[in-house]
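Q: Submitted below is the structure of interest, expressed as structure tokens.
In this note's numbering, the protein residues as written are 290 to 646.
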């Protein structure tokens, strides 16, 4: 039996957050059955992303597609927290809440009387989860693209001969949201053991740096500054290389082992390539990646996409079709990742795991 939709049915979450990172945390708990109350600024018309509409979106829709991407399953409550009566309404909710998610700047929260110290006085078991851009001591604003720049992502991203490029989703916001979810889950476990609430803080900058993974250690260990190289990988080849078939369809290859490389060469009828000294090992393939790419592109052009893709999969060679968003949602697994709003519009689930008993 799938239990995840009701896993947090007795949990009450107050969301004092807007835009993407904080609301993504709230939606995570909503999907798992929690009661999530989203507090929106009545004086300013609510979460700013309500108005972030594409040109082609229906103007009569009350909220944007962007807003709907992270606000499924919540109860919206419009309050002006500068007004004593509205602040008192929030205080009443907090008294019976389990979690507060906030991306208010710490100083603003203190001025409004909604900082951790204020709300903890109302509820000793409260778990208060705070998001900032650059840490608790900084009042600096930081939208996702700024963090992508500051954490090194933009410097690495793009083609070798091109300019720095941001990733097309607010990835740093989502990484920070995952960090905050993990912190909250740890705090819930601690509260189960001790009965005590706690304060959790995640900064977007630290969440971004924590996600630099091998690119960070390439610098820390080898003093290698990652440069833009398109979709290629600094440590592996051919990995991330894009090849075009005879019918001009694009395929990305992710060969991680010598055996996979030999299988790829055999499938493309260029077995001798895998035996050449310049390409026999991953180290040599990385060193000679440009020449390798030229050889493989010629080989790919003798094969049609529809026949080649199943053969790649059957041979155990990691390969993927480069899909646009329409093609992504033509996949059955993508359809299983949808949530519906009451008006029939859809968004994507924030959780991709399943829990059964």
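For each residue, glycine too, the CB sits at the ideal point set by N, CA and C. Because the structure is a prediction, the values reported are computed rather than measured.
#1: Since residue 421 sits in a beta bridge, which residues does DSSP pair it with?
#2: According to DSSP, what are the bridge partners of residue 588?
#3: Which parts of the segment 331-398 are runs of the beta strand (DSSP E), unbroken and 3 residues or longer, counting only runs that do not cross its ends?
#4: So for residue 542, helix, strand or coil by DSSP?
#5: Which of helix, strand or coil does DSSP assign to residue 462?
#6: Whole angstroms are fine: how far does the CA of residue 645 sit from the CA of residue 290?
#7: Name the one or two DSSP bridge partners that residue 610 has.
#8: Sort 331, 315, 346 and 344 by Cα distance to residue 362 and report the nearest one.
#9: Name the DSSP beta bridge partners of residue 637, please?
#10: Specify whether the segment 430-450 and the segment 370-389 touch according to this definition: at least 3 beta carbon pairs, one from each stretch, less than 8 Å apart.
#11: Strictly by DSSP, which residues pair up with residue 405?
#12: From residue 544 to residue 607, what does the alpha carbon distance come to, in whole angstroms?
#13: How many Å lie between residue 418 and residue 506 at the Cα?
#14: Between 309, 372 and 390, which lies nearest to residue 354 when the distance is taken from Cα to Cα?
#15: In the DSSP output, which residue or residues are listed as bridge partners for residue 530?
#16: Just to confirm before moving on: does the CB-CB distance between residue 464 and residue 497 stay below 8 Å?
#17: Are three or more beta carbon pairs between the segment 293-311 and the segment 619-631 nearer than 8 Å?
#18: Which same chain residues end up closer than 8 Å to residue 413 when comparing Cβ atoms and leaving out the 5 residues on each side of it in sequence?
#19: Is residue 324 helix, strand or coil by DSSP?
#20: Measuring straight from C-alpha to C-alpha, what distance separates residue 639 and residue 424?
#21: Between the C-alpha atoms of residue 628 and residue 445, what's the straight-line distance to the nearest angstrom?
#22: Considering just the uninterrupted stretch of the beta strand (DSSP E) at residue 304, what are its terminal residues?
#23: Which residues bound the alpha helix (DSSP H) around residue 446?
#24: The alpha helix (DSSP H) with residue 602 in it runs from where to where?
A: With the structure as the only source:
#1: 492
#2: Paired residue(s): none; residue 588 is not in a bridge.
#3: 364-368 and 388-391
#4: In the three-state scheme derived from DSSP, where H, G and I count as helix and E and B as strand, residue 542 is classed as strand.
#5: helix
#6: Only weak support is given to the placement of residue 290: the predicted model assigns it a pLDDT of 46, under 50, and the value that follows is read from those uncertain coordinates. Roughly 5 Å separates the two Cα atoms.
#7: 540
#8: Checking every option, the nearest Cα to that of residue 362 belongs to 315.
#9: 627
#10: no
#11: Partner(s): none; residue 405 has no beta bridge.
#12: Spanning the alpha carbons of residue 544 and residue 607 requires a straight line of approximately 6 Å.
#13: 29 Å
#14: 309
#15: 542
#16: In this structure, residue 497 lies closer than 8 Å to residue 464 by Cβ.
#17: no
#18: Spatial neighbours of residue 413 in its own chain (CB-CB distance under 8 Å, excluding positions within 5 residues in sequence) are listed in chain order as 485 and 486.
#19: strand
#20: 25 Å
#21: 34 Å
#22: 301-305
#23: Neither: residue 446 is in no alpha helix (DSSP H) and is coded neither H nor E.
#24: 594-603
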